[in-house]
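S.K.: After the structure tokens below, expect a handful of questions from me.
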Amino acid sequence: MKEMLDQIGFDLPLPVTDPTWIFFLVLVIILFAPIILERLRIPHIIGMILAGVAIGEHGFNILVRDSSFELFGKVGLYYIMFLAGLEMNMEDFKSIRVKATVLGLLAFIFPLGIGIWTNLHLLGYGLLTSVLLASMYASHTLIAYPIVIRYGINRQRAVSIAVGGTAVTDTLTLLVLAVIAGMFKGGTSDMFWMWLILKVILLSLFIMYTFPRIGRWFFRRYSDNVVQYIFVMAMVFLGAGLMELIGMEGILGAFLTGLVLNRLIPHVSPLMSHLEFVGNALFIPYFLIGVGMLINLQVLFGHLDALKVAGVMIVVALLGKWIASWLTQKIYKMSSVERELMFGLSNAQAAATLPAVLVGYNLILPDGSRLLNEDVLNGTILLILVTCVASSFITENAAKRIAMDDAEMNEENAQEKECFLIPVANPETLENLMALALVVRDPKQNQNLVALNVINDNGDSPRLEMRGRRTLERASQITASVNVHLKTVSRFDLNITTGIMHTAKEYDATSIVIGLHYKSSIVDSFFGNLTENLLKNTYQQVMIARFLIPVNTLRRIIVAVPPKAEFEHGFVKWITHLCRMSRELGCRLHFFAHPQTIGYLRGYIQKKHKDVLTEFQELEDWDDLLIITGQVNYDHLLVIVSSRRGSISYDSSFERLPMQISKYFNNNSIMLLYPDQKGDPNESLSFADPRGWAETQYYDKVGNWLYKWFKKE
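This is how it looks when you write it as structure tokens:
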């Protein structure tokens, strides 16, 4: 390689040590490896590892695995574990935590048991060497996790089980490593391992209690994306560093940090997009290239003993993981493709394997030999290469099949087209309104967000037009950061209400999201003329929101539902939107409603949104919302489902809503939700219509029956 460079006139000594050229070469690999291997239909993760083999000291010796690879590689490793925790659907995880624990225990026990026997009888190692080496078989790294993110299946049940199982397995593996290392460092005693477990438990509880509170406090006060990103990364390394202080590997702390910050970073937020982008673009590829640079194929194929050791290690590791995945599938009656996905995610060796073999290699026995010899060290490198390649191929195949099945299912269950219209006028409320629209929209539908700025056609139009253009640009930046298309519309009209109505008709808007009117004087009405006129002249669902804290820091959604709300045309729509919001934010939905309405609510949610955590409480008297005041805290969102005059669920008590909200909930985030009305608002069903009364009496009986049935269950 050096001779080739000299011939073309470049005096570039190898290996390259100049930081500029090191970073350039790494970026070239990150750029072209996916492009080339995509044509060959090979997972690009393998390309990163093989590129590391080629450029490393055991390949063409272009780069040395210096401190930059140590630093960026460790960041990449923590990033993988952090994203794994951050991407998990915590509500789903609560329902599959037992399955994840079972997979983790099986993935630890079988490789460990089979490994100890093979190490003792086939390889002839001692007991401590056999135990440490077998624990390496049990560990696994989510090196193929970027693949499931790329296919958009990271919230599948099998993925959550594999991720949770990784935490269990790696924790047990690292405990074995810490105990064995402590025995040779003179730091062990009869209670050493008990004390270590106690420290891990106490530190985990400390992280789980303090990190979410610190994060919630920070996100409420600082909204800058760069500042939030730096804060999150600081928390990741704080968690990892604390784990290393007590004798564990930092990957456990990084994973735990991802879990506890999960609810504060919604999947559709700009911060989440930034975290994924930086990790997948730089840190994770750096880690993969660094792993490849450790592999020495020449030494492996020059020593038969190393090949024998590597062969046993590979067979035992793959067999143990397959048995664990197969048993988990059979126990919980999962599909074969889910088993394949769990097996693919759980059989890559890298993160806990590398520190284990290096610790064992550096431990000297009383007879002067190493606890893990060079054959094991070299065999481990081949184990890493083979398992990473196998993991990438298996995960890619399973992820592709699941994604195709989901696509077919989505086509079959396609819902009617939706479009959210967000009039933006106040820059101070823009971010929260856009965040609300992002968490309630259907992510499977494209181009379902429209931001509108209406300009009064008067003499001050140029200034208003310039300000409106800046507001629309900011709205576009927010949605672009999460890869969501936003249609921006700026229009002149005689008044804002007319502009909103005309735009809603032109773009077939199904929902309108606006901010709550700011009351500027005593004589000013609570809703303001704009909102009042909009409600009178539209039939679409209208969401009027006022957020006192960022949307992503909400902890619970309290929903007050009036009697007979189930008879409104938009009943199912607003439930679906609130369930999406609950799912994205990790919030619990707490409904206050009439007993009959609770029956409908519970029935629909259990049928269509069973993964959403809900509570139901009877609210017999809608005249006074005072009963709810004790349930609504500062970090809760109160949603009041109202209705337009003349609709089925309309009640005269709605006229007192502004007074009650101002009196009881002035210091709370609130959303007033007006459901769809069928057809023109002037043609809504009323009790004066005999057909309406008959339908109401029929549905009253059905609702009461549903409520009694669910209560009995």
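Numbering of the sequence shown is given in this note's numbering, commencing with residue 554 and proceeding in unit increments.
All C-beta atoms, glycine included, are put in the ideal place defined by N, C-alpha and C.
Because the structure is a prediction, the values reported are computed rather than measured.
1) Assuming contact is defined by CB atoms lying nearer than 8 Å, are residue 1148 and residue 1119 in contact in what I supplied?
2) Along the chain, where does the beta strand (DSSP E) that runs through residue 1167 open and close?
3) Cβ atoms of residue 728 and residue 661: under 8 Å apart, would you say?
4) Comparing C-alpha positions only, which one of 987, 878, 1208 sits nearest to residue 534?
5) Which one of 1008, 980, 972 has the shortest CA to CA distance from residue 994?
6) Would you identify the three-state DSSP class for residue 1262, choosing helix, strand or coil?
7) Could you check where the beta strand (DSSP E) with residue 1091 kicks off and where it finishes?
8) Excluding the 5 residues preceding and the 5 following residue 1001 in the sequence, name in chain order all residues of the same chain whose CB lies nearer than 7 Å to its CB.
9) When every heavy atom of the ligand GTP is checked, does at least one fall within less than 7 Å of the C-beta of residue 902?
10) By Cβ distance below 8 Å, which residues in the same chain neighbour residue 618 in space, the five residues on each side in sequence not counted?
11) What does DSSP give as the partner residue(s) for residue 1301 in the beta ladder?
12) Please state if the CB of residue 672 and the CB of residue 687 are separated by a distance shorter than 8 Å.
13) Are the region 776-790 and the region 819-828 touching, with three or more C-beta to C-beta distances below 8 Å?
14) Decide if residue 868 is buried, meaning its Cβ has at least 16 other Cβ atoms within 10 Å, or exposed.
15) Let me check understanding here. Comparing Cα to Cα, which of 718, 591, 732 lies closest to residue 900?
16) Three-state secondary structure (DSSP) at residue 1225?
17) Is it the case that the region 1142-1156 contacts the region 1107-1117, given that we only count it when at least three CB pairs across the two stretches are under 8 Å?
18) Can you list, in chain order, the residues of its chain whose CB lies under 7 Å from that of residue 569, leaving out five sequence neighbours each side?
19) Along the chain, where does the beta strand (DSSP E) that runs through residue 973 open and close?
20) Between 1083, 1069, 1035, 1039, which lies nearest to residue 1269 when the distance is taken from Cα to Cα?
21) Determine contact between the region 881-901 and the region 692-700, defined as no fewer than three beta-carbon pairs at a distance below 8 Å.
22) Run through the DSSP bridge pairs and tell me what residue 1041 is partnered with.
23) Shortest alpha-carbon distance to residue 694 belongs to which of 945, 1110, 1154, 1186?
24) How about residue 932 and residue 924: are their beta carbons less than 8 Å apart?
25) Which residue from 1195, 1124, 633, 691 puts its Cα closest to that of residue 1156?
26) Tell me, please, which residues DSSP counts as bridged to residue 717.
27) May I ask you to report which of helix, strand or coil DSSP gives residue 1080?
28) Assuming residue 1226 and residue 1127 make a contact with CB atoms under 8 Å, what is their CB distance in whole Å?
29) Would you kindly work out how many angstroms separate the C-alpha atoms of residue 704 and residue 820, rounded to a whole number?
30) Go ahead and pull the three-state DSSP assignment for residue 928.
31) For the beta strand (DSSP E) containing residue 1189, name the first residue and the last one.
32) Report the partner residues of residue 1066 according to the DSSP bridge assignment.
33) Please report the straight-line C-alpha distance between residue 760 and residue 809, rounded to a whole angstrom.
34) Just mark residue 990 as buried or exposed, buried being the case when its beta carbon has 16 or more other beta carbons within 10 Å.
35) Quick check on DSSP: helix, strand or coil for residue 766?
36) Considering only the beta carbon of each residue, do residue 1018 and residue 1008 sit closer than 8 Å?
M.R.: Let me spell this out:
1) Contact: no.
2) Element bounds for residue 1167: 1167-1171.
3) No Cβ-Cβ contact shorter than 8 Å links residue 661 with residue 728.
4) The shown model of the chain, from 554 to 1266, leaves out residue 534, and the question about it has no answer.
5) The residue among 1008, 980, 972 with its C-alpha nearest the C-alpha of residue 994 is 972.
6) Caution applies to residue 1262, whose pLDDT of 47 falls short of 50 and renders its modelled position unreliable; the model cannot decide the point.
7) Note, residue 1091: premise wrong, no beta strand (DSSP E); not H, not E.
8) These residues qualify, in order along the chain: 971, 972, 973, 994, 995.
9) Among the components modelled here there is no ligand, and therefore nothing to report on the ligand GTP.
10) Beyond the five residues adjoining it in sequence on each side, residue 618 comes within less than 8 Å, by CB distance, of 609, 610, 843, 846, 847 in the same chain, given in chain order.
11) With the chain represented from 554 up to 1266, any question about residue 1301 goes unanswered, as that position is not in the structure.
12) Yes, these two residues count as a Cβ contact at 8 Å.
13) Touching, yes.
14) So residue 868 counts as exposed.
15) Residue 718 is the option with its Cα nearest to residue 900.
16) Under the three-state reduction of DSSP, residue 1225 is assigned to strand.
17) Taking a cut-off of 8 Å for Cβ pairs, the region 1107-1117 and the region 1142-1156 touch, as three or more such pairs fall below it.
18) Counting only residues of its own chain and dropping the five nearest sequence neighbours on each side, residue 569 has a CB closer than 7 Å to the CB of 575, 578, 615, 616.
19) In the DSSP assignment, residue 973 falls within the unbroken beta strand (DSSP E) covering 973-976.
20) Since the first and last residues shown for the chain are 554 and 1266, residue 1269 lies out of range.
21) Result yes; three or more Cβ-Cβ pairs closer than 8 Å.
22) Answer is 1004, bridged to residue 1041.
23) For residue 694, the nearest C-alpha among the options comes from 945.
24) In this structure, residue 924 does not lie closer than 8 Å to residue 932 by Cβ.
25) The shortest C-alpha separation from residue 1156 is found at 1124.
26) DSSP output for residue 717 lists no bridge partner at all.
27) Three-state result, residue 1080: coil.
28) With a Cβ gap of about 6 Å, residue 1226 and residue 1127 count as contacting.
29) Answer to the nearest angstrom: the Cα atoms are 15 Å apart.
30) Residue 928 falls in the helix class under three-state DSSP.
31) Residue 1189 -> beta strand (DSSP E) spans 1189-1194.
32) 1096.
33) Spanning the alpha carbons of residue 760 and residue 809 requires a straight line of approximately 8 Å.
34) By the beta-carbon neighbour count (other beta carbons within 10 angstroms, threshold 16), residue 990 is buried.
35) Correct three-state label for residue 766: helix.
36) Yes. Within cutoff.
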